[in-house]
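What follows is a set of notes on a single structure, which appears directly below.
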Amino acid sequence: MSGGFPEALQFSFAERVNQLVDWLVLNYGDHLRSVSDQLLQLLVSLENLLRLLPWWALLLLVGLLAWHASRSVLRSVAMVTLLALIGVLGLWDKLLQTLALVLVSTGLCVLVGVPLGILLASRPLARRLLMPVLDVMQTLPAFVYLIPVLMLFGLGKVPAVFATLIYALPPLVRLTDLGLRQIDPSLLQAAHGLGASRWQRLQRIALPLALPSIMAGLNQSVMMALSMVVVASMIGARGLGEDVLAGIQTLNVGQGVEAGLAIVALAMVIDRISQAYGQVKR
Amino acid sequence: MKKIPTLLASLLLAAGLASTDSAASAERTTPIHFGAIGWESGALTTEILRLIVERGYGYPTDTLPGSTVSMEVALARNDLQVIAEEWAGRSPAWVKAEQAGQVFALGDTVKHAEEGWWVPAYVIEGDPSRNLKALAPDLRSVDDLKRYPQVFRDPESPAKGRFLNSPSGWTSETVNSQKLKAYGLNDSYSNFRSGSGAALDAEIGSAIRRGQPVLFYYWNPTPLMGRYKLIRLQEPPFNAQAWATLTDASNPNPQGSQSLPAKLSIGVSKAFHEGYPDLVAVFEKVDLPIDRLNRALAEMSEKRTPPNKAALTFLRDNPDVWKAWLPAEVAAKVEGSL
Numbered sequence: 000m001s002g003g004f005p006e007a008l009q010f011s012f013a014e015r016v017n018q019l020v021d022w023l024v025l026n027y028g029d030h031l032r033s034v035s036d037q038l039l040q041l042l043v044s045l046e047n048l049l050r051l052l053p054w055w056a057l058l059l060l061v062g063l064l065a066w067h068a069s070r071s072v073l074r075s076v077a078m079v080t081l082l083a084l085i086g087v088l089g090l091w092d093k094l095l096q097t098l099a100l101v102l103v104s105t106g107l108c109v110l111v112g113v114p115l116g117i118l119l120a121s122r123p124l125a126r127r128l129l130m131p132v133l134d135v136m137q138t139l140p141a142f143v144y145l146i147p148v149l150m151l152f153g154l155g156k157v158p159a160v161f162a163t164l165i166y167a168l169p170p171l172v173r174l175t176d177l178g179l180r181q182i183d184p185s186l187l188q189a190a191h192g193l194g195a196s197r198w199q200r201l202q203r204i205a206l207p208l209a210l211p212s213i214m215a216g217l218n219q220s221v222m223m224a225l226s227m228v229v230v231a232s233m234i235g236a237r238g239l240g241e242d243v244l245a246g247i248q249t250l251n252v253g254q255g256v257e258a259g260l261a262i263v264a265l266a267m268v269i270d271r272i273s274q275a276y277g278q279v280k281r
Numbered sequence: 000m001k002k003i004p005t006l007l008a009s010l011l012l013a014a015g016l017a018s019t020d021s022a023a024s025a026e027r028t029t030p031i032h033f034g035a036i037g038w039e040s041g042a043l044t045t046e047i048l049r050l051i052v053e054r055g056y057g058y059p060t061d062t063l064p065g066s067t068v069s070m071e072v073a074l075a076r077n078d079l080q081v082i083a084e085e086w087a088g089r090s091p092a093w094v095k096a097e098q099a100g101q102v103f104a105l106g107d108t109v110k111h112a113e114e115g116w117w118v119p120a121y122v123i124e125g126d127p128s129r130n131l132k133a134l135a136p137d138l139r140s141v142d143d144l145k146r147y148p149q150v151f152r153d154p155e156s157p158a159k160g161r162f163l164n165s166p167s168g169w170t171s172e173t174v175n176s177q178k179l180k181a182y183g184l185n186d187s188y189s190n191f192r193s194g195s196g197a198a199l200d201a202e203i204g205s206a207i208r209r210g211q212p213v214l215f216y217y218w219n220p221t222p223l224m225g226r227y228k229l230i231r232l233q234e235p236p237f238n239a240q241a242w243a244t245l246t247d248a249s250n251p252n253p254q255g256s257q258s259l260p261a262k263l264s265i266g267v268s269k270a271f272h273e274g275y276p277d278l279v280a281v282f283e284k285v286d287l288p289i290d291r292l293n294r295a296l297a298e299m300s301e302k303r304t305p306p307n308k309a310a311l312t313f314l315r316d317n318p319d320v321w322k323a324w325l326p327a328e329v330a331a332k333v334e335g336s337l
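Here the protein sequences line up with chains A and B, keeping their order. Taken in order, the first sequence gives residues 0 to 281; the numbers are from numbering that gives the first Met the number 0. Taken in order, the second sequence gives residues 0 to 337; the numbers are from numbering that gives the first Met the number 0.
Put into structure tokens, the structure is as follows:
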């Protein structure tokens, strides 16, 4: 199986990795579980909060949000109809679970991604070091890190959030970085000349100018988070992905298509609203 | 200058000859495609069969990867010829193909294969060597579970216990959900679908490694069974009528019963069934004793041996098992090659 490559030069570190994971589970498993329980509480309470909302209130909220973002009645009606269609398919509760998962992971993405993007834009060394890391995050097959994360943090929503974070973070970081670097440097120099501090330049000039690009990054993150929903369901996170998976596994193509389209509908709603916000502030 | 066309012509001729040659021998050298099954018992059985087919009969073999359902569909279309471990009759894709006569289930490869609900032995007996107390000392049957939801606490809804069900989409997921209802555990336990086989294994393995209590659905033959001390919870004896209520997800009043004893077979395509009568005869006789299989699987997973090496070891260590399936001269050929 080794092909033509000389055997003396072959080296496998698989056993080391296995031992490391075993050792981590044995020594830190219980601690990490209690950490993950905290994050789980956040997720579950958000989910319960969404469940407390009557269905029409959530639709109204989305309609208002869409109107506020785009000032277009037609568009808000379309958004509300899309979301209502998911309910019509009988997938409302799963929609709420998926929404909670996507909201929490996107929130974490913003918390981590935007500062990282700023760091990348202002420190060339950081960019050189972090770019390969971002490549790894985007291309490493999810199951490679999912199973060890699952052994450490338990089955269900928490490893799903981690996996989503790893996969969905890079576009936000890249686009924040790009947006900040594309700003005309003379603007920042002018502000510097007028006595603006570093923080003021960032907050008043750089970030607002880079906002369309950042919002595009956020939008990409949300889309990628939604596309991870099916993978997340493979480690026991419930939601729309579960139906897609069950549909595939039982050759129930119809069920898979219904749930898959529900994911698309949710993606379109979030996409249109977040994009509209990106444009309004330009 | 004259040479080039001649050269070309002879090249073309050679290529033409080569291609007709390979076409003629294609019938003999087209490998038999086995489904590359991902779970351990299937992977080991696949490799055992491949060794016998290659070394005893001299047919080349190959494997193609895929998920269970996609392999079953491929078998029906003869893209695959053999699935070495087929839980025949469990999946709708299989049942449809079998009714249409596109696939055949051969033999009864592992007798006494079972599925049910299990807990690690230390939950009931404790384990002084690891400083583990017996958290549920009187747990014997599924009925006793009502007294111990707090032992198997579910972090997502702490008032309930967590029952690790199989991934949604597996037939057993429906059965287990109905069993929870039948045993009156729906209010005290959450029905946690594990999403995928790998996730279920990882969660159980992690819990056992940390000495934590865990209640899960599982099945035999598996490395987990040979590797750890596990106790199966008693269920009411098998009853066909009750079983029918358990497999029907829409039945509101399911009755408790043990699961239908599993029948593991070798799935083959119609073309294979017609083309290789000698192998079909062998496959019908395949019989792997479950305790030896569990032990081989446990060793394979603990030492992380690749399945083909584990299969060689299994054949070397258990000649009495496989010699019974083969005609004497083929058995001698296989033995000589080990």
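All C-beta atoms, glycine included, are put in the ideal place defined by N, C-alpha and C. Keep in mind the model is a prediction, meaning the values are calculated, not measured.
Cα-Cα separation between B/G183 and A/R50, rounded to whole angstroms: 26 Å
A/A209 burial status per 10 Å Cβ neighbour count (16 or more: buried): buried
Residues that B/F191 contacts on chain C, provided the C-beta gap is smaller than 8 Å: Here the protein chains are A and B, and chain C is not one of them.
9 Å Cβ cut-off: residues of chain B touching A/L248: Rather than Leu, the amino acid found at residue 248 of chain A in this sequence is Gln. The answer, in chain order, is S66, T67, V68, S90, P166, S167, G168, W169.
Paired residues, beta bridge with B/R303 - DSSP: None, per the DSSP bridge assignment.
Cross-strand partners of B/D61 (DSSP beta bridge): B/H32
Secondary structure of B/Q149, DSSP reduced to three states: coil
CB contact check: B/P30 to chain A, cutoff 8 Å: no
Rounded C-alpha distance that separates A/L239 from B/D153: 21 Å
Continuous beta strand (DSSP E) stretch holding B/G115: start and end: 114 to 119
Own chain residues within Cβ distance below 7 Å of A/L217, not counting five before or after: V109, L171, S273
Bounding residues of the beta strand (DSSP E) (the contiguous stretch that carries B/E85): 81 to 85
Beta-carbon separation (whole angstroms), A/L25 vs B/R209, contact threshold 8 Å: 7 Å
Cβ-Cβ distance between A/L90 and A/A258 below 8 Å: yes
Assigned secondary structure, B/D126 (DSSP; H/G/I helix, E/B strand, else coil): strand
Start and end residues, beta strand (DSSP E) containing B/R54: Element bounds for B/R54: n/a, residue is neither H nor E.
Contacts of A/D36 in chain B (Cβ-Cβ under 8 Å): P154
Neighbourhood of B/L179 by C-beta, 6 Å cutoff - its chain only, sequence neighbours within 5 removed: N185, N190
Option nearest B/F151 by Cα separation, candidates B/G106, B/A181, B/I207: B/I207
8 Å CB neighbourhood of B/P236 in its chain, flanking five on each side removed: S256, Q257
Any chain A beta carbon closer than 8 Å to B/A23: Residue placement at B/A23 is poorly supported in this model, since its pLDDT is 38, which falls under 50; the coordinates still yield a value, given next. No, B/A23 does not count as interfacial toward chain A.
Beta-ladder partner(s) of B/F215, from DSSP: B/W117, B/L163
Three-state class that DSSP yields for B/A323 in the structure shown: coil
Reduced DSSP secondary structure (H/G/I, E/B, other) of B/N190: strand
Proximal residues of chain B, C-beta to C-beta of A/A245 below 7 Å: S167, G168
Of the residues B/F103, B/E84, B/R49, the one placed nearest B/N77, counting alpha carbons only: B/F103
Contact list for the segment 130 to 146 of chain A against chain B, Cβ threshold 9 Å: F142, L145, I146
Contacts that B/A197 makes with chain A (C-beta to C-beta distance below 9 Å): F142, L145, I146, L149, M233, I234
Proximal residues of chain B, C-beta to C-beta of A/E241 below 8 Å: S167, R192, G194
Chain-order list of residues whose beta-carbon lies under 6 Å from that of B/N238 (same chain, five-residue window excluded): S256
Length of the line joining the Cα atoms of B/L337 and B/I47: 12 Å
Local Cβ density within 10 Å of B/H32, reported as buried at 16 or more and exposed below that: buried
8 Å CB neighbourhood of B/R192 in its chain, flanking five on each side removed: N164, S165, P166, S167, E172
A/L139 in three-state terms, based on DSSP: coil
Reference B/A83, options B/M70, B/A92, B/S90, closest by Cα: B/M70
Endpoints, beta strand (DSSP E) assigned at B/S268: 264 to 268
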